[in-house]
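Using the UniProt record's numbering, the letters of the sequence shown map in sequence onto residues 1 to 1048. Note that the Cβ used here is the ideal one computed from N, Cα and C, for glycine as well.
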Amino acid sequence: MVSFRATGESGIARRSFVSLLGTTTGALALSQSSDALATADSASGNGLESLSFYSTASQVSAEYAPLTDGEHVVAWASEDAYVTSTNDGTDEADVVSYEDERIPLITQDGSVLGIGSAGFLSDERGGFDAGNEEFVLNVWDELLGPGGTVLWDESHEQYWDLSSHETFRRYAEDNGYELRALEEFATDGTTLQFYSTASQVSPDGDALTEAHLAPDDDRKVLAWAEPTATNGDQTGSDAVEYGDDERIPLITRDDRVVGFGAPFVEDDNDHDENRAFVRGVWDTVIDGETVYWDESHDQYYDTGRFETFIADAESDGYTVTAADDLLAVLEGASDGADGSIETDADAVVITTPAAAFTDDELAALESFVADGGAVLLHDQADYGGHDETRALDEVAERLDLGFRFNADQVEDDASGWDSHVFTTTAFDEAYLGEETGSVRLADADGLVITTPQWAFDDSELAALESFVADGGAVFLFDQSDFGGNDRTANLNEIADRLDLAFRFNGGQVEDEVRNAGPVYEPVATEFSPAFDYFEDRDGIGIEFDRDGEYYGRVTRVFDGDTVEVEFDTEYGYRETVRNVGVDTAETPPTETSPKEWFGVPDDATDHLHDWGDRASDFVLERLAPDGAAVDETDLEGRHVKLTFDEAEPIRGNYGRLLGYLHYDPDDFTADFDAGSFSVNYNRRIVADGYARVYSSGFAAHDEFAALEEDALAAGRGVWSASDFDALTEIRNEPVERLFVPSARSIRSARGRNGGRVRDDRVAVSAAPSAEQRLEGDGVAYDGDVPLVGIDDRRRVALVGGLLIDERYEESEGFGADTSGHGNFPFLTNLIDHLSETDGDVILAGGQGQFNAEGSLSLEDCKYYLRYLEGVDARLRQINDLERTLPDESEPPRAILLSAPARELEFGELLALREYRNEGGAVVLLGSAAADADHTRNLNRLAARLDTDLRFNEDRIVDAERNLADDSAVLETAAFNDSFPLFEAYDPSDRTDEDNEAPGNSDHARGHRGTGPGNSGNAPGHGGGSPGNSGNAPGHRGGPGNSGNAPGR
């Protein structure tokens, strides 16, 4: 690829922590979609300031107590972190809690380093935007010396193998290190590995011993099992059992015929020595280069199961051809001179034939061998009746070989990870040649071990002990036990054997303040001055700039709204990109919520699942190569350009990039300099009806919402199931009680009555049992505490709680059923009481409300959205009040506005005032959970709407009347019945009243205007993470755990 560029730059913008953090100093919280990693004072000076840990465990002392020994801790989590027990993980009683102590995430003892996160350096979860790779290379430079060979253990069924670290591998090799996979943890020299193997016996049916072979120099056993091996009859086939003092032969040669007890080099066997050994055998016994592989006897092990070995053989000059008619191959053709028949075959491979050979075939084989042809026979164990020993023995008998195949299974508990999968060192190494391509501990300076699924046996532990004693460095990577996927006990056995000062803890470290997106990806912000590992150096990550343009190719598709992009950089840096502003339906088995989709009935989950699959097909068709599938890795996908939204953070809550993808519609691999990149994928998927708008605060929200409304009106794509007329009322009963979460009272800005609101302006008060807790200069109430204040003249109401926040729904995890409370009809009655207009209810969302504590976006209100649809109304979101609100084809019925993160600008205020003056209602939603500055912004808006009502500086709690035993979620029935707000909402009442007022048009159910403000945005909080990705053991989310959270 051409060199990476950002707009206005000529080279790679290497990630630097100083520039990454801008002018921010001190600790920076990430839990609200921050663009940068949290930092804190550290001993690293101007070097690295934080490291990120995906799904991490902590470390504890060797006695399984909190590790407080500063001599061994390299990095700690922030003071806000905590250790929590997880579902299906370590028993809570066995998880070491850290109460007041700092939580260690990286620990070192001598030349052994322990890191709590197995994904620390991975392509999928590596913290390259933090500097994890720089830290590790600094460690390697110190412990190994610059350069050197590092082995990556893959012999214990690790998920996080070397192939999942290609980006870091390129980076490390560019810095002088050689990384190689350790596929077999051999402790006793070079080995061969046997999987489900049979043995051989003598032609007489006795044990095959060296005495049988001695008289003939052409006959020899090439490989024996270890003395610890045994064999047995698994199927009652009269197998010959070898005694304790008898060696068991596994590979035997008779001149140009070699018998193997197993397929031995099939693709599932990645033991390099096996392939080298068989190649050595071929080179020895085959006089020529043409090999036919028999597939004419119903073989399971055909050429398709040996593709790697065959490809290697062909690269060295052999021609390997599948033979579906062995007799024709052996009989050959006339040479055209004297009429004699010749074959071009130099060797024949026969693997486990299910069908017997005919007499003609046996005779042809006999002649073939007599003429100098080689035959390679592969048997397998008779476990489960899958051996084909009888057919092979008929061949051996006809060829008068010095061995036969045994109808047995050989096992060895001492030299393998299972009794039927074992290794042996007792073989003729002359067949290996000079180079096997394999590596051993003796070849290495360092060894990486990530979460081994299989335990290390005693010989392996002894080898590790010797390796460390001889100066080798070991790097242990654990992971949290979320979902029960960790193997901490296996790592702790290593720590025990090496007598380390630390062990790995159960549970999971979480941090709600300082994290790299989700709480389960904490950042270490404090480093020990005893270790010189934190120098800032050139790294992998990109310093993304909001105004930049970044080019690359799509390498993975998670679903219709999330992909992985490999950027055009030196190391092929990859990031997950969440397409900002859009949300596609979930695919099975993930649950989907019809309430998020305008007008889609609650029983349409199958429809949404279907369109979730179609959305995945949509992105595959446009951004992936032909034949690609969801979650397929390393795609050579479409070239794309990434840009960012001016109002959104660069990263979302789950650490993913939030951006727009652009592509050239006419050139799949468009040149990054010359390509048009004219199609905005995010825009296209909404316009074509494959996605809804995700109502965050993004700048293009209202433009996208207009496209969504067009698709909705046309019934296009997923909207084909939308039917507002079919929706029935829900929760529309007389109001007997309300619940008010994080309540704040209402006061008056007038000095009269001490700032208390008059009773005739209060619609709802807290219950008598409630307690007012003043903050700052709040106004104290001696009697009833007002929660809802109404200014009829100004058509403004202040509500001291988020009555429609979906987090208080039982189905969203809240600890009580709130469906019987009258919040929805009450608020709707309040809107109609104030409003003289007929349009939709609009939620303002472009002032920083999304994801802000104590505020609401449409993504938080899907139950109220569905309620309004059932009573002939709609709830939508507008972000650009100044431009979109005046363009509404019908003036909205009300504007709902929760605490904004910034003051409203003049144009926004003017649009609101003009709208209100034309008969619209404005309802301000406050919350004691909102930031104080955000509440001040809300009060300033109230002042500019000319009402004296304000949100008070207090919080209201009720220890007696509350929900889920939470005094902050109070319940009340203290209503002022002089207001017509407490009956079930009746849309016909409003229609009759409105028709009496000149100039008021009938409210059109499901109204959709033509202006850009007629957006259709669906609710729904962000969900889990990718591309868990082939779900990475240890966690949800993202790529890798299906988990593409909507929006973020």
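With a CB to CB cut of under 6 angstroms and the five nearest residues on each side skipped, what residues in its chain are close to residue i?
| i | result |
| --- | --- |
| Ala843 | Ala is not the amino acid found at residue 843; the sequence shown has Leu there. For Leu843, where only same-chain residues beyond five positions count, the Cβ hits under 6 angstroms are Leu858, Gln877 and Leu896. |
| Phe168 | Leu121 and Glu133 |
| Phe704 | Gly581, Val686 and Val693 |
| Phe128 | Ile540 and Gly541 |
Express the C-alpha separation of residue j and residue i in angstroms, rounding to a whole number.
| i | j | result |
| --- | --- | --- |
| Gly484 | Asp511 | 20 angstroms |
| Leu727 | Ala721 | 12 angstroms |
| Thr972 | Thr56 | 43 angstroms |
| Ala313 | Pro589 | 44 angstroms |
| Asn515 | Asp666 | 41 angstroms |
| Glu92 | Ile106 | 22 angstroms |
| Gly126 | Gly110 | 25 angstroms |
| Ser765 | Pro734 | 18 angstroms |
| Glu901 | Ala929 | The question names Glu, yet the displayed sequence has Ala at residue 901. Cα to Cα, the separation comes out at about 13 angstroms. |
| Ala363 | Arg398 | 8 angstroms |
| Arg716 | Pro625 | 26 angstroms |
| Gly119 | Gly839 | 51 angstroms |
| Gly572 | Asp671 | 17 angstroms |
| Glu903 | Thr605 | 40 angstroms |
| Asp725 | Asp872 | 8 angstroms |
| Glu493 | Asp445 | 22 angstroms |
| Asp94 | Arg487 | 14 angstroms |
| Leu949 | Ala852 | 23 angstroms |
| Asp782 | Ile804 | 28 angstroms |
| Ala797 | Gln479 | 51 angstroms |
| Ala674 | Asp723 | 45 angstroms |
| Thr358 | Tyr159 | 47 angstroms |
| Val221 | Glu241 | 18 angstroms |
| Asp400 | Asp408 | 21 angstroms |
What does DSSP give as the partner residue(s) for residue i in the beta ladder?
| i | result |
| --- | --- |
| Val320 | Val291 |
| Glu810 | DSSP lists no partner for Glu810. |
| Asn515 | Pro522 |
| Ile746 | Phe951 |
| Trp152 | Ala181 and Val448 |
Tell me whether residue i sits in a helix, a strand or coil according to DSSP, three-state version.
| i | result |
| --- | --- |
| Leu738 | strand |
| residue 1127 | A query on residue 1127 cannot be resolved here, the shown segment of the chain reaching from 1 to 1048 and no further. |
| Asp933 | helix |
| Arg752 | helix |
| Asn579 | strand |
| Ala77 | strand |
| Tyr663 | strand |
| Gly114 | strand |
| Arg902 | coil |
| Phe405 | strand |
| Arg170 | helix |
| His639 | strand |
| Glu411 | strand |
| Leu121 | coil |
Grab me the residues of residue i's own chain with a C-beta within less than 7 angstroms of its C-beta, minus the 5 sequence neighbours each way, in chain order.
| i | result |
| --- | --- |
| Arg305 | Glu266 and Asp267 |
| Phe698 | Val580, Gly581, Asp645, Ala647 and Glu648 |
| Gly147 | Gly176 and Tyr177 |
| Arg614 | Tyr690 |
Quick check on this structure: which residue in the options has the alpha carbon closest to the alpha carbon of residue i?
| i | options | result |
| --- | --- | --- |
| Ala985 | Arg622, Arg883, Glu869 and Ile310 | Sequence check: residue 985 is Tyr here, not Ala. Per the Cα distances, Glu869. |
| Val785 | His662, Arg219, Ala198 and Asp954 | Asp954 |
| Ala223 | Ala211, Asp244, Tyr171 and Val278 | Val278 |
| Leu941 | Asp141, Arg893, Gln847 and Thr884 | Gln847 |
| Leu392 | Ser415, Val349, Phe194 and Gln409 | Val349 |
| Leu885 | Tyr867, Ala899, Leu910 and Arg874 | Leu910 |
| Ile286 | Arg253, Asp481 and Glu775 | Arg253 |
| Gly659 | Glu575, Phe598, Thr633 and Asp634 | Glu575 |
Looking at chain E, is there any beta carbon in it that lies within less than 8 angstroms of the beta carbon of residue i?
| i | result |
| --- | --- |
| Asp965 | Absent from the structure: chain E. Only one protein chain is present. |
Here's a check: name, in chain order, each residue in its chain whose Cβ is nearer than 8 angstroms to the Cβ of residue i, leaving out the five neighbours to either side.
| i | result |
| --- | --- |
| Val640 | Tyr551, Gly552, Arg553, Val554, Val565, Leu623, Leu661, His662, Tyr663, Phe677 and Tyr681 |
| Asp302 | Trp293, Glu295, Ala322 and Thr351 |
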